[in-house]
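Undergrad: First, the structure itself, so that you have it in front of you.
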Amino acid sequence: MARQRRFQYAGAVYHVMARGDGGKAVYETDDDRLVFLSRLGEVCGSCGWRVHAWVLMGNHFHLLLETPLPNLVAGMKWLLGTFSQGWNRARKRQGHVFQGRYKSVPVNGSEADAHYFRIVADYIHLNPARAGLAGGSAGKLAGYRWSSLPSYAAGKGAPWLEMARVLNSFELAQDGRGRRAYVAWLEARASNDRGNIDQVAQDALRRGWYLGVETFRDRLLALVDKAKGIKPRERRKADGFEKDYCEKDAERLIQEYGPKLGLPVGAAELAELRKGDERKAMMAALIRWRTAASTEWIATRLHMGHPGSVSRQVGIVKRNRKLQGRLNKLEKTGCAGVEIRSHEHA
Numbered sequence: 000m001a002r003q004r005r006f007q008y009a010g011a012v013y014h015v016m017a018r019g020d021g022g023k024a025v026y027e028t029d030d031d032r033l034v035f036l037s038r039l040g041e042v043c044g045s046c047g048w049r050v051h052a053w054v055l056m057g058n059h060f061h062l063l064l065e066t067p068l069p070n071l072v073a074g075m076k077w078l079l080g081t082f083s084q085g086w087n088r089a090r091k092r093q094g095h096v097f098q099g100r101y102k103s104v105p106v107n108g109s110e111a112d113a114h115y116f117r118i119v120a121d122y123i124h125l126n127p128a129r130a131g132l133a134g135g136s137a138g139k140l141a142g143y144r145w146s147s148l149p150s151y152a153a154g155k156g157a158p159w160l161e162m163a164r165v166l167n168s169f170e171l172a173q174d175g176r177g178r179r180a181y182v183a184w185l186e187a188r189a190s191n192d193r194g195n196i197d198q199v200a201q202d203a204l205r206r207g208w209y210l211g212v213e214t215f216r217d218r219l220l221a222l223v224d225k226a227k228g229i230k231p232r233e234r235r236k237a238d239g240f241e242k243d244y245c246e247k248d249a250e251r252l253i254q255e256y257g258p259k260l261g262l263p264v265g266a267a268e269l270a271e272l273r274k275g276d277e278r279k280a281m282m283a284a285l286i287r288w289r290t291a292a293s294t295e296w297i298a299t300r301l302h303m304g305h306p307g308s309v310s311r312q313v314g315i316v317k318r319n320r321k322l323q324g325r326l327n328k329l330e331k332t333g334c335a336g337v338e339i340r341s342h343e344h345a
């Protein structure tokens, strides 16, 4: 399976995320969180990065990150490497701290189209609400210490945090009134909607390898073509980068959630199960709702028969509250993500 391609260019904006190895906690103590933020500040200083939003959860982090220079890979290698070394040293252990490679999704950050920038900023800041750690009866969202939202509320934060661009994306004033309006907007969503995001935002986040309009996508693909020496007229003959990425993302879900569902992940073992096995149906639903992998790929990978069977099984899961509840609970044991029940497409 192809590895996720890293897009690097001057002025790039990314949604960066990584989670603990095997879904285990990374930030076990406040000292762990403070050390990570200190390392983040150091790499921002050395690489010139600007962070527009961030959150640390128990076993993962999210950043809305801007790189004025094309140095994402070098900076992330240093950040995760130095933090992991210190984390292991403090516990007298060895091994991976984070699971696999971090994920970095390019975000269309142009002022002319700030829609996707807003989506990611909100998604990051509402993470504690979706996890039930803040918002509504759990307390103020801005009271969750380990995110950038308290800095927005106070009007001051780390030197590497830049709040202006998020406020600009909402067409809010660059003053206390604008910040209060932004925080109040998120507090209301955390209280009323438990931090869930709307269908349009879900569809955008689900796309997988980029967040933006088609012209932004074409720009990214042009970078791939340039690196591979592919001329524009030969794009249709290229190697199916989008398809590879979607299938890679789906495979990651199978490896991560298959064991938690009691579903074997090997081809031979899957072939021995019924095509309509409930665990297969749940995994197929998770893949359809979290990636853009095709029903053809899912049917082949999970041994579910005809692609049409995949759509039927996903529809069954969508209508079954018990199965949806199991999937939602399963996801909440890992990354606090979009609740599955709010997706409509199958």
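Under numbering that gives the first Met the number 0, read the sequence shown as residues 0 to 345, first letter to last. In this text, a Cβ means the ideal position worked out from N, Cα and C, and glycines have one as well. Computed from a prediction, not measured in an experiment: that's the story for all the values here.
(1) For serine 308, which residues of its own chain have a beta-carbon under 8 Å away from its beta-carbon, when the five flanking residues on both sides are left out?
(2) Relative to the C-alpha of arginine 193, which residue among Ile253, Arg179, Gly134 and Asn167 is closest?
(3) For the region 146-161 against the region 85-97, are there 3 or more C-beta pairs whose distance is under 8 Å?
(4) According to DSSP, simplified to helix, strand and coil, what is glycine 138?
(5) Leaving out five residues on either side along the sequence, give the residues of the same chain with a beta carbon under 7 Å from the beta carbon of glycine 99.
(6) From this set, Arg311, Gly142 and His114, which residue's C-alpha is nearest leucine 125's C-alpha?
(7) Assess contact between the region 43-60 and the region 70-78, defined as three or more Cβ pairs (one per stretch) separated by less than 8 Å. Is contact present?
(8) First and last residue of the alpha helix (DSSP H) that includes tryptophan 86?
(9) Taking contact to mean 3 or more Cβ pairs, one atom from each stretch, closer than 8 Å, check whether the region 60-67 and the region 7-26 are in contact.
(10) Where does tryptophan 53 sit, in a helix, a strand or coil, going by DSSP?
(11) Residue range of the beta strand (DSSP E) that valine 12 falls in?
(12) Which first and last residues belong to the beta strand (DSSP E) in which serine 103 is found?
(13) Are there 16 or more other CB atoms within 10 angstroms of the CB of serine 37, so buried, or fewer, so exposed?
(14) Which value, in whole angstroms, describes the spacing of the CA atoms of glycine 156 and glycine 304?
(15) Which residue comes first and which comes last in the alpha helix (DSSP H) that contains glutamate 351?
(16) On a CA-only basis, which of Gly314, Val313, Trp184 and Gly257 is nearest glycine 21? Give me that one, please.
(17) Among residues of its own chain, excluding the 5 on either side of valine 182, which ones have a beta-carbon nearer than 7 Å to its beta-carbon?
(18) Under the assumption that alanine 24 contacts glycine 57 (Cβ atoms under 8 Å), give the Cβ distance between them as a whole number of angstroms.
(19) Are the Cβ atoms of leucine 301 and leucine 252 separated by less than 9 Å?
(20) Going straight from the alpha carbon of glutamine 254 to that of glycine 80, what length do you get?
(21) Alpha helix (DSSP H) containing phenylalanine 60: first to last residue?
(22) Could you say which of Arg311, Ala280, Glu295 and Thr294 lies nearest to arginine 325 if we only look at CA atoms?
(23) Does the separation of the CB atoms of phenylalanine 116 and valine 104 fall below 9 Å?
(24) At the level of alpha carbons, what is the spacing between asparagine 191 and glycine 261?
(25) With DSSP as the reference, label lysine 328 as helix, strand or coil.
TA: Reading it off the structure:
(1) Lys274, Gly275 and Ala298
(2) Gly134
(3) no
(4) coil
(5) none
(6) Gly142
(7) yes
(8) 71-90
(9) yes
(10) strand
(11) 11-18
(12) 102-105
(13) exposed
(14) 54 Å
(15) Lying before the first or after the last residue shown, residue 351 is absent from the chain, which here runs from 0 to 345.
(16) Gly257
(17) Ala141, Leu148, Tyr151 and Ala152
(18) 5 Å
(19) no
(20) 24 Å
(21) It is not in any alpha helix (DSSP H) - phenylalanine 60 instead sits in the beta strand (DSSP E) that spans 59-66.
(22) Ala280
(23) no
(24) 34 Å
(25) helix
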